[in-house]
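Engineer: Questions regarding the structure given below will be posed in turn.
Protein chains: 2
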Amino acid sequence: MDTNEPEDDPVKEAPVPRRRAQGLGRDIIIDACLKLAGGSDADALSFRKIGKAIGADPTALYRHFADKDELLLALADRVIAVGMEGYVPGPRWEESLRDLMLRTRASFLRYPQVATLAALRVTRQKGELEFIEAMLAALELAGFERREAALVYRACGDFMLAWTGFSAGLVLLGEQSAQDDNAWVRSYQDVSEQQYPLAVSSVALMAGVQDEENYRFALDLLLGGIAARLGN
Amino acid sequence: MDTNEPEDDPVKEAPVPRRRAQGLGRDIIIDACLKLAGGSDADALSFRKIGKAIGADPTALYRHFADKDELLLALADRVIAVGMEGYVPGPRWEESLRDLMLRTRASFLRYPQVATLAALRVTRQKGELEFIEAMLAALELAGFERREAALVYRACGDFMLAWTGFSAGLVLLGEQSAQDDNAWVRSYQDVSEQQYPLAVSSVALMAGVQDEENYRFALDLLLGGIAARLGN
DNA sequence: ACCTGAACACCGTTCAAGT
DNA sequence: ACCTGAACACCGTTCAAGT
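Residue numbers (the UniProt record's numbering), protein chains in the order written: chain A, 1 to 232; chain B, 1 to 232.
Written as structure tokens, this is what we have:
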């Protein structure tokens, strides 16, 4: 618990803002980073660029975070926490699960640099705790007992995180290197139709699927599988 | 180019291996890269390290690949192709889908550096074509018509690729930065049980789930959802 | 106590030069 | 025709030095 940890000392040593006029602090840095992220610059979160953004030497960051990894975890947790704002569990567990797995993804995709770098990490902080608690509550409502709920949570959580990291990578790739759908279709014009009849005849259909609708489609399949599992 | 070979050869200008004694060529480079990948070195695939491995200057690679991206796509396609070796479609479509989504993942995870860097790319080459053709054949066998099959293919393919990239990232993170399960459990000892009762009481269960079983569990949920979709 | 700035060991990539 | 090696513009990180 690195965020707002309750201090043991009774007197509560004051923050001593003496040198805090232009001083930093974790939250100021996190705010600046999230302002930097979101653009199309794939490595907007380098220490040198962050340093420029906060008007301090890049290495000043080491005064507040042990290393880049710790900074990224803090960013990821804040992104999750922001995504949880305004969440209210509904009466139907499927809707709650779906809501949680869409809103957290959406929040990450607003900061794709954070998503690519930290989506595979467990932050073990406030935002993640709220997300987990809400997911488990929905699964309990669905009728899963504890062990089963833990399994399903892991499947859903990692499904969402993995796919979101994947999507963020696509966003940051951008137009680069002919990743676009047209290039996919075009490159299949030289492919032997005898050898790969299904692939060739379906390439336009496959390429036409956008990532966001694809995620929602897969998510609904997954939720359908969970519901089916409850059935028996 | 005068060679030692008989001249004026009218038929099929020979490959002329004159300067090919230590010469390179794409396949030699790809073989060397796959030998380099697989270890625990997260950036084993830097141009400098590849250059050392093939006994050539790092920049010699630019003679055979336009840039690193093109090299990675070639590597990824080879990894997919290797994964497809020995695949035979079975009579049951669910089993074929499952097989394809396990063997391709397994092949990628043998070369985690390739998986993290290229799992989100469409290679548009031989290995990927074989994979797509086999997947679509299984879905046709299941009874999906073309448009539906394309949708389900995209969901399954990206599910597998996204999660595999995620898993490869975990592998390369390794023991680093306390990503391990024990750290997760330990860090929850300070968490308020009143505020997050479900999360705290389930952390050991959640942390105990290994990535590979988690993937298989989610995969079965997904396949279950696909089967349910066919039902109506 | 906090920040600076040079330095270190790395990246991918370019380009004039070698043979 | 193919390869080399210095150079460029970047990384994250360390550490002695400033105030």
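Ideal Cβ placement from N, Cα and C applies to all residues, glycine included.
Predicted model, so just to flag it, every value in this text is computed and none were measured.
Taking only beta-carbon atoms, is residue 165 of chain A less than 8 Å away from chain B?
Structural biologist: Within the first sequence, numbered from 1, the residue matching residue 165 of chain A stands at position 165. By this cut-off, residue 165 of chain A is an interface position.
Engineer: Report the neighbours of residue 133 of chain A on chain B: residues whose CB is nearer than 7 Å to its CB, in chain order.
Structural biologist: Walking along the first sequence from the start, residue 133 of chain A turns up at place 133. Simply 196, 198, 199.
Engineer: Go ahead and pull the three-state DSSP assignment for residue 45 of chain B.
Structural biologist: Working through the second sequence from its first residue, we reach residue 45 of chain B at position 45. Coil.
Engineer: Using a cut-off of 7 Å between C-beta atoms, extract the partners of residue 241 of chain B located in chain A.
Structural biologist: Nothing about residue 241 of chain B can be reported from this structure: the residues present for chain B run from 1 to 232 only.
Engineer: Helix or strand or just coil, what does DSSP make of residue 230 of chain B?
Structural biologist: The sequence position of residue 230 of chain B within the second sequence is 230, counting from 1. In the structure shown, residue 230 of chain B sits in a helix (DSSP, three-state: H, G or I).
Engineer: Chain A beta carbons: is any one of them nearer than 8 Å to that of residue 43 of chain B?
Structural biologist: Position 43 of the second sequence, counted from the start, is the residue given in the question as residue 43 of chain B. Cβ-Cβ to chain A under 8 Å: no for residue 43 of chain B.
Engineer: Which of the three DSSP states, helix, strand or coil, is assigned to residue 174 of chain B?
Structural biologist: Reading the second sequence from its first residue, position 174 is the one you call residue 174 of chain B. Residue state, collapsed to three classes: coil.
Engineer: For the 8 Å Cβ check, are there 3 or more pairs between the region 102-118 of chain A and the region 168-175 of chain A?
Structural biologist: yes
Engineer: Let me confirm a value: residue 230 of chain A is counted as buried when at least 16 other C-beta atoms fall within 10 Å, else exposed. Which label applies?
Structural biologist: Position 230 of the first sequence, counting from 1, holds the residue named residue 230 of chain A. Exposed is the call here.
Engineer: At a cut of 8 Å, does the region 130-148 of chain A reach the region 82-98 of chain B through at least three beta carbon pairs?
Structural biologist: The region 130-148 of chain A is not in contact with the region 82-98 of chain B.
Engineer: Whole alpha helix (DSSP H) runs in the region 111-162 of chain B with 4 or more residues, listed along the chain?
Structural biologist: Here the runs fully enclosed are 112-118, 126-142.
Engineer: Relative to the C-alpha of residue 74 of chain A, which residue among A:86, A:100, A:128, A:84 is closest?
Structural biologist: Residue mapping note: residue 74 of chain A aligns to position 74 of the first sequence, counting from 1. The residue with the shortest Cα to Cα distance from residue 74 of chain A is A:128.
Engineer: CB residue 209 of chain B to CB residue 72 of chain A, shorter than 8 Å?
Structural biologist: Working through the second sequence from its first residue, we reach residue 209 of chain B at position 209. Working through the first sequence from its first residue, we reach residue 72 of chain A at position 72. No. Outside cutoff.
Engineer: Can the beta-carbon of residue 207 of chain A be found less than 8 Å from the beta-carbon of residue 181 of chain A?
Structural biologist: Locating residue 207 of chain A in the first sequence gives position 207, where the first residue counts as 1. Locating residue 181 of chain A in the first sequence gives position 181, where the first residue counts as 1. Taking 8 Å as the Cβ cut-off, residue 207 of chain A and residue 181 of chain A qualify as a contacting pair.
Engineer: Skipping 5 residues on each side, what residues in its chain have a beta carbon closer than 8 Å to that of residue 223 of chain A?
Structural biologist: For this step, residue 223 of chain A is matched to residue 223 along the first sequence. For residue 223 of chain A, where only same-chain residues beyond five positions count, the Cβ hits under 8 Å are 94, 97, 98.
Engineer: Residues of chain A with CB under 7 Å from residue 36 of chain B, in chain order?
Structural biologist: Taking the second sequence and counting its residues from 1, one reaches residue 36 of chain B at position 36. What residue 36 of chain B touches in chain A: nothing, since even the nearest Cβ is about 23 Å away.
Engineer: Could you confirm whether any beta carbon from chain B is found closer than 8 Å to the beta carbon of residue 202 of chain A?
Structural biologist: Along the first sequence, read from residue 1 onward, the residue named residue 202 of chain A stands at position 202. Yes, residue 202 of chain A counts as interfacial toward chain B.
Engineer: Just to check my reading of the structure: residue 136 of chain A and residue 202 of chain B have Cβ atoms closer than 8 Å, yes? What is that Cβ distance to the nearest angstrom?
Structural biologist: Numbered from 1 along the first sequence, position 136 holds the residue referred to as residue 136 of chain A. Numbered from 1 along the second sequence, position 202 holds the residue referred to as residue 202 of chain B. Contact flag correct, Cβ pair sits at about 6 Å.
Engineer: Would you call the CB atoms of residue 133 of chain B and residue 81 of chain B closer than 8 Å?
Structural biologist: Along the second sequence, one-based indexing puts residue 133 of chain B at 133. Along the second sequence, one-based indexing puts residue 81 of chain B at 81. By the CB criterion at 8 Å, residue 133 of chain B and residue 81 of chain B fall outside the cutoff.
Engineer: Assign residue 108 of chain A to one of three DSSP states: helix, strand, or coil.
Structural biologist: Taking the first sequence and counting its residues from 1, the one referred to as residue 108 of chain A is at position 108. If DSSP states are grouped into helix, strand and coil, residue 108 of chain A belongs with the helices.
Engineer: Within the same chain, show all residues whose beta-carbon is closer than 8 Å to that of residue 37 of chain B, passing over the 5 residues directly before and after it, in chain order.
Structural biologist: Taking the second sequence and counting its residues from 1, one reaches residue 37 of chain B at position 37. Cβ neighbours of residue 37 of chain B beyond the five flanking positions: 44, 45, 75, 111, 112, 113, 114.
Engineer: The alpha helix (DSSP H) with residue 197 of chain B in it runs from where to where?
Structural biologist: In the second sequence, residue 197 of chain B corresponds to position 197, counting from 1. From DSSP, the alpha helix (DSSP H) with residue 197 of chain B extends over 197-207.
Engineer: Go to residue 70 of chain B, then tell me how far its alpha helix (DSSP H) extends in each direction, as first and last residue.
Structural biologist: Within the second sequence, residue 70 of chain B is the residue found at index 70, counting from 1. Looking at the DSSP string, the run of the alpha helix (DSSP H) that includes residue 70 of chain B is 68-84.
Engineer: Using a beta-carbon distance below 8 Å, is residue 129 of chain A in contact with chain B?
Structural biologist: Along the first sequence, one-based indexing puts residue 129 of chain A at 129. At least one chain B Cβ lies under 8 Å of residue 129 of chain A.
Engineer: If contacts are defined as beta-carbon pairs under 8 Å, then residue 40 of chain B and residue 174 of chain B qualify, I think. What distance do you get, rounded to the angstrom?
Structural biologist: Translated into positions along the second sequence, residue 40 of chain B becomes position 40. Translated into positions along the second sequence, residue 174 of chain B becomes position 174. About 6 Å separates the two Cβ atoms, so the contact holds.
Engineer: Can you look up residue 166 of chain A in the DSSP assignment and give me helix, strand or coil?
Structural biologist: Along the first sequence, read from residue 1 onward, the residue named residue 166 of chain A stands at position 166. Three-state DSSP puts residue 166 of chain A in a helix.
Engineer: Quick one: what's got a C-beta closer than 8 Å to residue 28 of chain B's C-beta in the same chain, skipping five residues either side?
Structural biologist: Translated into the one-based positions of the second sequence, residue 28 of chain B becomes position 28. If we look at residue 28 of chain B and ignore the five residues flanking it on each side, its Cβ neighbours are 54.
Engineer: Please classify residue 83 of chain A as buried or exposed, where buried requires at least 16 other C-beta atoms within 10 Å of its C-beta.
Structural biologist: Here residue 83 of chain A is taken as the residue at index 83 of the first sequence, counted from 1. Residue 83 of chain A is buried by the Cβ-count criterion.
Engineer: Give me the chain B residues within the contact set of residue 229 of chain A, using Cβ-Cβ distance strictly less than 8 Å, ordered along the chain.
Structural biologist: Taking the first sequence and counting its residues from 1, the one referred to as residue 229 of chain A is at position 229. Under the 8 Å cutoff, chain B gives 221, 224.
Engineer: Please classify residue 59 of chain B as buried or exposed, where buried requires at least 16 neighbouring CB atoms within 10 angstroms.
Structural biologist: Here residue 59 of chain B refers to the residue found at position 59 when the second sequence is read from its first residue. Answer is exposed; the Cβ neighbour count stays below 16.
Engineer: Would residue 79 of chain A and residue 47 of chain A qualify as a contact pair, given that the criterion is a beta-carbon distance under 8 Å?
Structural biologist: To locate residue 79 of chain A, count along the first sequence from 1; it is residue 79. To locate residue 47 of chain A, count along the first sequence from 1; it is residue 47. Contact: no.
Engineer: How many whole angstroms separate the CB atoms of residue 191 of chain B and residue 200 of chain B, which I take to be in contact at a CB cut-off of 8 Å?
Structural biologist: Indexing the second sequence from 1 puts residue 191 of chain B at position 191. Indexing the second sequence from 1 puts residue 200 of chain B at position 200. Rounded, the Cβ-Cβ distance is 6 Å, consistent with contact.
Engineer: How many angstroms separate the CA atom of residue 65 of chain A from the CA atom of residue 85 of chain B?
Structural biologist: The count along the first sequence starts at 1 and reaches residue 65 of chain A at position 65. The count along the second sequence starts at 1 and reaches residue 85 of chain B at position 85. Rounded to whole angstroms, residue 65 of chain A to residue 85 of chain B spans 47 Å at the Cα level.
Engineer: Alpha carbon to alpha carbon, how far is residue 216 of chain B from residue 52 of chain A?
Structural biologist: Reading the second sequence from its first residue, position 216 is the one you call residue 216 of chain B. Reading the first sequence from its first residue, position 52 is the one you call residue 52 of chain A. Approximately 45 Å between the Cα atoms of the pair.
Engineer: Would you mind working out which of A:30, A:50, A:102 sits nearest residue 77 of chain A, comparing C-alpha positions?
Structural biologist: Here residue 77 of chain A corresponds to residue number 77 of the first sequence, with the count starting at 1. Nearest C-alpha to residue 77 of chain A: A:30.
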